[in-house]
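Notes follow the structure.
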């Protein structure tokens with residue numbers, strides 16, 4: 001009887017340890033991008049979300065969220081469905097980064113002064129050369145303190161909110177901060 005209890009106790013401890021390790025890895029990936037990533041600033045575009053079950057958050061969309069299929073270079077993936085798209089941006093007027101190019105394959109040598117982001121498109125097989133593809137980067141939603149989401153949405157309608165994005169060398173992105181006219185509204189803590 002005692003051996004059975006010890007076995008279950010050891011198994012439970014091992015499962016708890018594995019779950020803790022997975023959570024730590026997820027947090028560490030987020031932190032490493034914020035700590036070591038290259039900062040770029042993207043101009044956001046207004047979106048009006050209505051989801052009351054997820055807490056206060058702001059939906060962000062960027063000029064690089066819609067790219068014409070004909071502007072994406074490289075070999076188109078053989079099958080339809082979700083596919084990675086590598087988008088390069090360069091710093092423009094006022095410190096806001098803008099579209100420089102896109103490729104279906106990761107660029108090994110990104111031109112100096114440009115940063116590569118890895119995005120994802122859900123479907124591309126039937127896209128005409130001039131039809132826009134919707135690309136997501138994992139930076140389209142930003143959670144804010146309770147009761148302040150609507151205020152930021154209102155500011156987005158009046159003027160553009162800028163998002164400071166940390167980009168890893170692999171092209172993964174995390175929102176570092178939101179700015180309004182250069183003033184930091186919210187900044188993501190590292191931990």
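Residue numbers (full-length UniProt numbering): 1 to 191.
Quick reminder that beta carbons are idealized off the backbone N, C-alpha and C, glycines included.
Predicted model, so just to flag it, every value in this text is computed and none were measured.
The beta strand (DSSP E) enclosing residue i, as first and last residue numbers
i           : result
residue 154 : First-last for residue 154: 149-158, but that is the alpha helix (DSSP H), not the beta strand (DSSP E).
residue 163 : 162-167
residue 144 : Taken as a continuous stretch (DSSP letters only), residue 144 belongs to no beta strand (DSSP E), as it is neither H nor E.
residue 108 : Run containing residue 108: none; DSSP gives neither H nor E here.
residue 39  : 38-45
residue 103 : 97-103
residue 60  : Per DSSP, residue 60 belongs to no beta strand (DSSP E) and is neither H nor E.
residue 173 : 173-180
residue 76  : Neither: residue 76 is in no beta strand (DSSP E) and is coded neither H nor E.
Beta bridge counterpart(s) of residue i as assigned by DSSP
i           : result
residue 31  : DSSP, once it has assigned bridges, lists no residue as partnering residue 31.
residue 83  : 121
residue 11  : None; residue 11 has no bridge partner.
residue 68  : 132
residue 183 : 180
residue 140 : Looking at the DSSP assignment, residue 140 forms no beta bridge with any residue, so it has no partner.
Residue j beta carbon less than 7 Å from that of residue i
i           : j           : result
residue 117 : residue 173 : yes
residue 77  : residue 69  : no
residue 43  : residue 160 : yes
residue 41  : residue 164 : yes
residue 87  : residue 119 : yes
residue 188 : residue 176 : yes
residue 85  : residue 121 : yes
residue 149 : residue 58  : yes
residue 170 : residue 33  : no
residue 135 : residue 73  : no
residue 17  : residue 67  : no
residue 152 : residue 31  : no
State whether the segment 137-150 contacts the segment 92-103, with contact taken as three or more CB pairs (one from each stretch) at a distance under 8 Å. The segment 137-150 vs the segment 92-103: no contact.
Are three or more beta carbon pairs between the segment 104-114 and the segment 143-157 nearer than 8 Å? Between the segment 104-114 and the segment 143-157 there are fewer than three C-beta pairs closer than 8 Å, too few to call the two in contact.
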